[in-house]
Structures are given as C-alpha cells and as structure tokens.
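Just so you know, the sequences run in chain order A and B. The numbering of the first sequence is UniProt numbering, which starts it at 1 and goes up by one. The numbering of the second sequence is UniProt numbering, which starts it at 1 and goes up by one. Ideal Cβ placement from N, Cα and C applies to all residues, glycine included. For reference, the structure discussed in these notes is given below.
2 protein chains.
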Amino acid sequence: MVDTSESQIEMDKHPSCFTIEQVASRTGLTRRTLRYYEEVGLLPAAERTEGNYRRYSEEDIQRLEHIKAYKNLLGFSLHDIRVLLATDQEREVIKEAYRQETDIETKIAQLAQTDVLIEQQLQLVDQKIAGLLEMKASLQERLARHAETRKRLQDS
Amino acid sequence: MVDTSESQIEMDKHPSCFTIEQVASRTGLTRRTLRYYEEVGLLPAAERTEGNYRRYSEEDIQRLEHIKAYKNLLGFSLHDIRVLLATDQEREVIKEAYRQETDIETKIAQLAQTDVLIEQQLQLVDQKIAGLLEMKASLQERLARHAETRKRLQDS
DNA sequence: AACATCTTTAACGTTAACGTCAAAGTTAAG
DNA sequence: CTTAACTTTGACGTTAACGTTAAAGATGTT
Chain A
1 MVDTSESQIE MDKHPSCFTI EQVASRTGLT RRTLRYYEEV GLLPAAERTE GNYRRYSEED
61 IQRLEHIKAY KNLLGFSLHD IRVLLATDQE REVIKEAYRQ ETDIETKIAQ LAQTDVLIEQ
121 QLQLVDQKIA GLLEMKASLQ ERLARHAETR KRLQDS
Chain B
1 MVDTSESQIE MDKHPSCFTI EQVASRTGLT RRTLRYYEEV GLLPAAERTE GNYRRYSEED
61 IQRLEHIKAY KNLLGFSLHD IRVLLATDQE REVIKEAYRQ ETDIETKIAQ LAQTDVLIEQ
121 QLQLVDQKIA GLLEMKASLQ ERLARHAETR KRLQDS
C-alpha cells in the first residue's frame, strides 16, 4: 500500500472493477472491515480476478455508504443493518422461491411474512425519529429562551 | 430479588433514597449496569448508607433516562455520552458564571458561547433525523412494491 | 438467633466489530 | 526473473458494554 488510488493494473475506467484498497480509501473503511462485512453477509461476496483478488463494483460502494450511514448516524448493529438491507439478496431468494412456488396463496403469504419484518423496522425508525424530534424541540426551546434573554439585556 | 419495588427498609416516601433494585426496575437497566455506569464516571458516585449500600436520588434517575435516550435513540457510545453530559454540566457552570457577571456585554457573549454548543448538538440531531427519514422512505417504498405484487397476484 | 433477601466488591466470561500479525500466493515494474 | 507492493486466508488480540458467578457482609422478618 503506497499509492492510495491507482497503483495497480487497469488503466481502463471500467465502472465495476475496484481493488480492495481503492474501495477502502473511497469509503473510509479498512480492508479488514470490507472482508469482515463480506464474511458476515453484509456485502455480497465480491467477484474475484484469476489471481483470486477481490474486485468491487459501484453498487458495492453504494451499499457500503448506506451501511456507514446506518451504522454511524443511526447506531444500528451490523446484524440489524443486514436485516434492513435485505434488499438484493432477500429479493433474489424470495423471487427464487416465488418461481418455484406455484400456489398463489403461498406466494402472498410469503410476501406478508417479509412485510412483517419491514413494518417492525419501520416502527423502530419511527420511534427513533420521535425521540429525536423531542430532543430537537428541547434544544430549540433553549435557544429561544436565550434569544429572549438577549433581547431583554439589550433593552436596558 | 423477589419483590420488584418496596421490599426493603423505609416506609417513608423520602424523595431521594432509592435502592439499586428500585432504580434498576424503574429505568429498565440492570444493577450491574448501574454499578458500571458509576465505575466509568457516567453517574456520580452514589451516596451510601451506614451498611455501605448505594442510595440513589431522583436526579440520578433523571440522568439515567437521559443516558438511555442518548444511547438507544442516538446510538452514542458511553464515552460520547459522558462528553455530552459534561457539556451539559459545563453549561451549568457557564450559567453560574453568568449570574455572577454584571457586565451586559459579557453576559451576551456568554450566552452566545453556550449557543454554539447547543447548535452543534442540534446539527447532529438533524443529521440523524435526515438519515432516519431516508431510511423510512426506502422501507415504505419496499412495502409499496410488495403491495403492487400482491395485487398482480390476486388478479389472476 | 436463624433465615431468606438484599447488597457489596472482585474477578472472570461474553459478544460485536473489528485490529494485527503471519505465512503464502499475485502482480506490475524494472 | 527478481523484487516491492498488493493480496489472500487463517488465527489470535482488543475494546466496549455489559453478564455471571463467587465470597462475604447487611437487613428485615420470624
């Protein structure tokens, strides 16, 4: 690791071929963290070169940004984030089960099942928003009181 | 631990004398957690009885509720919370200095100083709210797509 | 006084989310 | 072809935030 960005291989700006180091420096995460996220299933297993080196795509980077936001801004655990970001993988799996399932009733039941999960997360998110709005209101109230005081002080 | 609330000692409803078990059940934290918070300096060392038992006050409970909010709603680490609560106390200190100050110009300057702290916290809260709203929208989008699919399945 | 409950401190265990190090293979560059 | 830089997979180490157990003392009840 000596050059932070473009040291290796390809001169081509092909959109879906970043080395682990490039992804690391662009996301602000470490290489270890990227491998760890793959290990625990947060990131779909990256493609490999013939030499077995990982190659990441733009979508991977997008996903990593999402993960960062969920983790740092919202304080979710990686486990919770995996549930929240169940988009790609879950959608694939469910769609597979869909194709193999001929009974429409069963399909609808499967949909409802994932909906329950999503609604649980929605509730949690709403709770957090409510708490944050409360906190925000109380902080603004303080600022307002200070403004009042300031005005009184200046009228003297 | 057999009775959750009033098993021990005092019949008197004195406002600032709760056992560790009472505080635990009222805050939803564990006794271990209360001792731990004291250990790491999040909570001021509780008063003791002659028998060396901890006794908590109303203010302690208030502070614990604050800590819980910071931790669960905002996902702050205990270390960050200690800093945040310190700035709260710092504000108190500044307020004290404020009362002793007679010069109006100085008073206004001091007000502005605490406002900076408050606005920093407000910014953080706003960031978190924005992130949560984004997440909420994406979850609702998924639900909508599922509803679409459900409709298509039923029309067949 | 005996007893069941509560409390104390001390110390070791646990889980998540990585950090760090080692041994070995890969790649671009000289 | 050699070499420096990059990568791989283990595997063990670390920190935060507690959980759990143990040994001993305290308290109110019988």
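Nearest to residue i by alpha carbon, out of the options?
i: alanine 86 (chain A); options: A:Leu117, A:Glu65, A:Phe76; result: A:Leu117
i: isoleucine 108 (chain B); options: A:Ala69, A:Gly28, A:Arg145, A:His66; result: A:Arg145
i: proline 44 (chain B); options: B:Glu50, B:Glu101, B:Ile67; result: B:Ile67
i: arginine 152 (chain A); options: B:Ile81, B:Val125, B:Leu111; result: B:Leu111
i: aspartate 80 (chain A); options: A:Ala137, A:Thr49, A:Leu143, A:Leu42; result: A:Leu42
i: arginine 26 (chain B); options: B:Leu64, B:Gln89, B:Thr102, B:Gln121; result: B:Leu64
i: leucine 122 (chain B); options: A:Gln62, A:Val23, A:Lys136, A:Val83; result: A:Lys136
i: glutamine 62 (chain B); options: B:Val23, B:Arg150, B:Glu47, B:Ala130; result: B:Val23
i: threonine 114 (chain A); options: B:Thr149, B:Asp88, B:Glu119, B:Cys17; result: B:Thr149
i: glycine 51 (chain B); options: B:Thr19, B:Glu59, B:Glu134; result: B:Thr19
i: tyrosine 70 (chain A); options: B:Glu92, B:Ile129, B:Val40, B:Leu84; result: B:Ile129
i: isoleucine 104 (chain B); options: A:Asp155, A:Cys17, A:Leu29, A:Thr49; result: A:Asp155
i: glutamate 92 (chain B); options: A:Leu124, A:Thr30, A:Arg142; result: A:Arg142
i: leucine 139 (chain A); options: B:Asp126, B:Leu133, B:Leu139; result: B:Asp126
i: threonine 49 (chain B); options: B:Leu124, B:Asp60, B:Thr30, B:Cys17; result: B:Cys17
i: leucine 124 (chain B); options: A:Gln120, A:Leu132, A:Leu124; result: A:Leu132
i: glutamine 120 (chain A); options: A:Val83, A:Glu134, A:Ala147, A:Thr106; result: A:Val83
Contact criterion: CB-CB distance below 9 Å. Does residue i meet it with respect to chain B?
i: glutamate 119 (chain A); result: yes
i: glycine 51 (chain A); result: no
i: phenylalanine 18 (chain A); result: no
i: leucine 111 (chain A); result: yes
i: threonine 27 (chain A); result: no
i: glutamine 127 (chain A); result: yes
i: leucine 133 (chain A); result: yes
i: aspartate 60 (chain A); result: no
i: isoleucine 104 (chain A); result: yes
i: threonine 33 (chain A); result: no
i: leucine 84 (chain A); result: yes
i: alanine 69 (chain A); result: yes
So for residue i, helix, strand or coil by DSSP?
i: glutamate 47 (chain B); result: strand
i: tyrosine 70 (chain B); result: helix
i: tyrosine 53 (chain B); result: coil
i: arginine 150 (chain B); result: helix
i: arginine 145 (chain A); result: helix
Cβ of residue i less than 9 Å from any chain A Cβ?
i: glutamate 39 (chain B); result: no
i: glycine 75 (chain B); result: yes
i: serine 108 (chain B); result: Going by the sequence as given, residue 108 (chain B) is isoleucine instead of serine. So, interface residue.
i: lysine 42 (chain B); result: The sequence shown places leucine at residue 42 (chain B), rather than the lysine named in the question. Output row for leucine 42 (chain B): interface = no.
i: leucine 122 (chain B); result: yes
i: threonine 114 (chain B); result: yes
i: alanine 45 (chain B); result: no
i: alanine 97 (chain B); result: no
Is there at least one non-hydrogen atom of the ligand NAP closer than 8 Å to the beta-carbon of residue i?
i: alanine 45 (chain B); result: By its list of ligands, the structure shown contains no ligand whatsoever, and the ligand NAP lies outside what it can speak to.
*Note down, in chain order, all residues in the stretch 137-156 of chain A with a beta-carbon under 8 Å from any beta-carbon belonging to chain B.*
Leu139, Gln140, Arg142, Leu143, His146, Thr149, Arg150, Leu153, Gln154, Ser156
*Would you call the stretch 68-79 of chain B and the stretch 45-57 of chain B in contact, with 3 or more CB pairs under 8 Å?*
no
*Determine, using beta-carbon pairs with one atom in the stretch 27-44 of chain A and one in the stretch 90-101 of chain B, whether at least three such pairs fall under 8 Å.*
no
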